[in-house]
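Here this note's numbering is used: the first residue of the sequence shown is 1, the next is one more, and so on. In this text, a Cβ means the ideal position worked out from N, Cα and C, and glycines have one as well. Because the structure is a prediction, the values reported are computed rather than measured.
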Amino acid sequence: MARFTLPRDLYFGKGAMEDLRTALKGYRKAIIVTGGSSMQRFGFLGKLENILRETGLEVKLFEGVEPDPSVETVMKGAKVMQEFQPDVIVAIGGGSPIDAAKAMWVFYEHPELTFDDIKDPFSIPRLRNKAIFVAIPSTSGTATEVTAFSVITDYSTKIKYPLADFEITPDIAILDSDIPNTMPKSLTADTGMDALTHALEAYVASNRSPFSDPLALEAITMVFENLVDSYNGEEKARGNMHMAQCLAGMSFSNALLGIVHSLAHKIGAQYHIPHGRCNAILLPYVIKYNSKVCMDRYANIARRLGLPGATDKQLVDELIKAIVELSERVGIVNTLKDNGVTEEQFRETVDFVAENAVLDPCTASNPREAKKEDLIKILECAFYGNPVTF
Numbered sequence: 001m002a003r004f005t006l007p008r009d010l011y012f013g014k015g016a017m018e019d020l021r022t023a024l025k026g027y028r029k030a031i032i033v034t035g036g037s038s039m040q041r042f043g044f045l046g047k048l049e050n051i052l053r054e055t056g057l058e059v060k061l062f063e064g065v066e067p068d069p070s071v072e073t074v075m076k077g078a079k080v081m082q083e084f085q086p087d088v089i090v091a092i093g094g095g096s097p098i099d100a101a102k103a104m105w106v107f108y109e110h111p112e113l114t115f116d117d118i119k120d121p122f123s124i125p126r127l128r129n130k131a132i133f134v135a136i137p138s139t140s141g142t143a144t145e146v147t148a149f150s151v152i153t154d155y156s157t158k159i160k161y162p163l164a165d166f167e168i169t170p171d172i173a174i175l176d177s178d179i180p181n182t183m184p185k186s187l188t189a190d191t192g193m194d195a196l197t198h199a200l201e202a203y204v205a206s207n208r209s210p211f212s213d214p215l216a217l218e219a220i221t222m223v224f225e226n227l228v229d230s231y232n233g234e235e236k237a238r239g240n241m242h243m244a245q246c247l248a249g250m251s252f253s254n255a256l257l258g259i260v261h262s263l264a265h266k267i268g269a270q271y272h273i274p275h276g277r278c279n280a281i282l283l284p285y286v287i288k289y290n291s292k293v294c295m296d297r298y299a300n301i302a303r304r305l306g307l308p309g310a311t312d313k314q315l316v317d318e319l320i321k322a323i324v325e326l327s328e329r330v331g332i333v334n335t336l337k338d339n340g341v342t343e344e345q346f347r348e349t350v351d352f353v354a355e356n357a358v359l360d361p362c363t364a365s366n367p368r369e370a371k372k373e374d375l376i377k378i379l380e381c382a383f384y385g386n387p388v389t390f
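Dropping the structure here:
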């Protein structure tokens, strides 16, 4: 048996937030979860509040969700929800506030649980007993608005935990293309490479299917066609990237991911490199590692992109080259060392990172088995820029 799950409703295009006037008609109380500053500064938070109030809902704000949201923030937000008793949770912003709100939702509906109770994949009990969930992304990368995932950081252990369960797939996703136009260039680059990684990993992941494959391929094509223009501020390309990252999310939420994400989750917490940038650094090395078991899949991607090559191996090499060039065109350099990680830092943490990456849920769906020693070798290649030959 297999499963393919998406939000019930997805509204998209310019001004799509206005559709909440009809989508939420009849609900009573909404809590808005957000990071706050950018959504407030550009007026989107105020617009959302007005729409909800004019639709007849009582509204409460929970602001200040940090990048890489913590367990503590999640529990604090859940407590506010328990006091306010909303029947709608609306999360607006980047991946962090949406991920945090998903986890808050779990503890709002099931206050008897602890964080340890839900860390294992597919261990979240049934939701929607008290509230539905609406996600409004401001960035074009995480696709958390359509996925069954939420990444929460335990700062006491410096480990990011990817919560995974179809229960936390949002009910309504709002892809308002006015919002990503406010992203700075560096965030556009990082989130764009995150979207590309989602689609590439989904296309080779163990749970891929005839439903996830077309979404992944279309997302990959759209990223290659639009990311550079989006990085340079072209409005149409920004809108296309917002759609591309959502397609990638639909794919990977069902097909799952691989060791790029397993490693990125642990590297980000250790070295404080943005998640999408971690993915961009690791992706070429992991493709080379995985190509020993799924070269034909990567070659098919290269063909879709019109890359040259007479053999599958040549096509895979061209795909890796194209990804590195795309990263460079949006200001991302290709090694951990060039992204500020010192050799001392790396040597002190590489064993810990690899050990915990093996335990990450994404490792199980990687197309090639990866043990701790394999991940250490990949990390060493990504630190120094050495080729993967194993």
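Assumed close pair residue i, residue j - CB separation to whole angstroms, cut-off 8 Å
| i | j | result |
| --- | --- | --- |
| I287 | N339 | I287 to N339, Cβ: 19 Å. No contact. |
| S327 | A255 | That pair is no contact at about 23 Å. |
| E201 | L127 | Between L127 and E201 the Cβ distance is about 26 Å, and since that is not below 8 Å, they are no contact. |
| I332 | P284 | About 11 Å separates the two Cβ atoms, so there is no contact after all. |
| F62 | V33 | 5 Å |
Range of the contiguous alpha helix (DSSP H) that encloses residue i
| i | result |
| --- | --- |
| G95 | G95 to E109 |
| F252 | E235 to A255 |
| E218 | S212 to Y231 |
| K79 | V71 to F84 |
| R208 | First-last for R208: undefined, no H or E at that position. |
| F352 | E343 to L359 |
| E325 | D312 to R329 |
| K377 | K372 to Y384 |
| T22 | L20 to A23 |
Beta-bridge partners of residue i, as assigned by DSSP
| i | result |
| --- | --- |
| K160 | T153 |
| P137 | G93 |
| E145 | According to DSSP, which records beta bridges pairwise, E145 is partnered with nothing at all. |
| S186 | DSSP lists no partner for S186. |
| K391 | In the structure as shown, the chain starts at 1 and stops at 390, and residue 391 therefore has no counterpart that could be examined. |
Under the three-state DSSP convention, the category residue i falls into
| i | result |
| --- | --- |
| K29 | strand |
| E54 | helix |
| D176 | strand |
| I132 | strand |
| L196 | helix |
| V88 | strand |
| H272 | coil |
| G46 | helix |
| P387 | coil |
| L336 | coil |
| E167 | helix |
| S38 | helix |
| N366 | coil |
| D286 | Checking the displayed sequence, the identity of residue 286 turns out to be Val instead of Asp. Here V286 sits in helix by DSSP. |
8 Å Cβ cutoff, residue i in contact with chain D
| i | result |
| --- | --- |
| Q345 | No chain D is part of this structure, which consists of one protein chain only. |
Nearest to residue i (by Cα), restricted to the options the options
| i | options | result |
| --- | --- | --- |
| F224 | S212, D213, M241 and G15 | M241 |
| P162 | M193, L52 and A103 | A103 |
| T147 | K60, A248 and L113 | A248 |
| V341 | L379, I168 and N290 | L379 |
| N181 | K14, D374, A357 and A382 | K14 |
| E348 | I281, K130, Y271 and V324 | Y271 |
| A280 | L196, C362 and V316 | L196 |
| V293 | V260, E369 and K236 | E369 |
| D351 | L263, A322 and G309 | L263 |
First and last residue of the uninterrupted beta strand (DSSP E) at residue i
| i | result |
| --- | --- |
| G13 | D9 to G13 |
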